[in-house]
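Here's the structure, in structure tokens; my notes come after.
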Amino acid sequence: MQIGYKLASEGYGPQEIIRQAVLAERAGFDFVEMSDHFHPWLDTQGHSSFTWSVLGAIAAKTSTLRLATGVTCPTVRYHPAIIAQAAATMALISDGRFTLGVGAGERLNEHVVGQGFPSVRGRHERLREALEIIRLLWQGGYQSYEGRHLQLEDARIFDLPDTLPVIAVAASGEASARLAAELGDGLFATEPDASIVEHYRRAQGAGPRYAEVPLAWATDEQQAVQAVLQTSRWMVTGWKVMSELPNPVNFDAASAYVEEKHIRQLFAIGPDPEPHVAKVRSYVEAGFDHIVLQNAGPDPDGFLDFFAGDLSGRLRAMG
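Under numbering that gives the first Met the number 0, the residue at position 175 of the sequence shown is numbered 174, and the numbers go up by one with no gaps.
Here it is as structure tokens:
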């Protein structure tokens, strides 16, 4: 089992994100994962730097820490040719430590370029085409592609690594899990749903299986709950809401109903390692082997110390 640390790019500026990544390597994390957003979920978070620049800086300041996008949408705000080039470059400058996590995207980030945001079916069709384009470009040479939604004209990526990056595809059901097996090298999910892993395996998927685990560490339980209510209550709304709303103000309104009881249902809360271990165990038992600790607590340094001191050994004993 590999254990990763989620870099909250919506909650901290780019220099702080880089600092946390360096500390995560020292604390013993195997990898860091960073979302690729244009907007934060809530205005109170206050940040959303350009992920690819920050990951490049992290690669330069670390030596063993693996890096991943969690996840990039390669279909609207970006053209897949740009992502194919960016990921190839990241693989080179990180000496092969980079994983490209991709997904169908959220309106929050993709509508900003003024091209609209497709239906669920349209998003999945575009994601398939995007993966086909990325794979095509990674073969080398000049390539063209004519899809229903996406096109590529006489394009070549000149700097390709000897070993191509792993592509982990975000999935929430059977169709997307099968796509992850067919055109990806791994799976990415956010719920401890064993059926997603089972669909992936039935489709001959045999790669790494990433999952984000919601935690909120603080020296006081109530302090942890309040931090989640302030900055991360949007997570309670669920994917059907999270994928569709256009701006932070909409997420603020949609999550106004969230109370402490909802936070405690979703997150492992407080300083005791046992709830955190139990939360992680539910994902491991569902079949995930790359566990991303997504700490929504108010003290990232304290959480990293907590992981290095009390949590790491207990979690690794599961693997």
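Glycine is no exception: its CB is placed at the ideal position from the N, C-alpha and C atoms. Since this is a predicted model, take the numbers as computed values, not measurements.
Where E105 falls, given that 16 or more other Cβ within 10 Å makes a residue buried: buried
Sequence ranges, alpha helix (DSSP H) only - wholly within the segment 187-232, length at least 4: 193-201, 220-230
8 Å Cβ cutoff, P274 in contact with chain B: The structure shown contains no chain B; it is built from a single protein chain.
G204 to C72 span [Cα, whole Å]: 21 Å
Spatially closest choice to A129 from W137, L149, F49, S34, by CA coordinates: L149
Where E145 falls, given that 16 or more other Cβ within 10 Å makes a residue buried: exposed
C-beta atoms of E211 and Q293 nearer than 8 Å: yes
Three-way DSSP call (helix, strand, coil) for G3 in this model: strand
For V101, the nearest candidate out of Y256, F187, G301 (CA to CA): F187
G95 versus G121, I81, L163, residue with shortest Cα-Cα distance: L163
Between the CA atoms of G185 and A86 - distance to the nearest angstrom: 15 Å
Residue environment, D161, which counts as buried when at least 16 other CB atoms sit within 10 Å: exposed
CB of F28 within 8 Å of CB of V75, strictly: no
Anticipated Cβ contact below 8 Å, A193 with A179, distance rounded: With 8 Å as the limit, A193 and A179 do not qualify as a contact, their Cβ atoms being about 15 Å apart.
Those residues which DSSP pairs with Q293 across a bridge: P213
Whether H46 touches Y11 by CB criterion (8 Å): yes
Run of the alpha helix (DSSP H) containing M89, from where it starts to where it stops: 79-92
Cβ-Cβ distance between E32 and K5 below 8 Å: yes
Where G100 sits in the DSSP three-state scheme: strand
Under 8 Å between C-beta atoms of I16 and S48: yes
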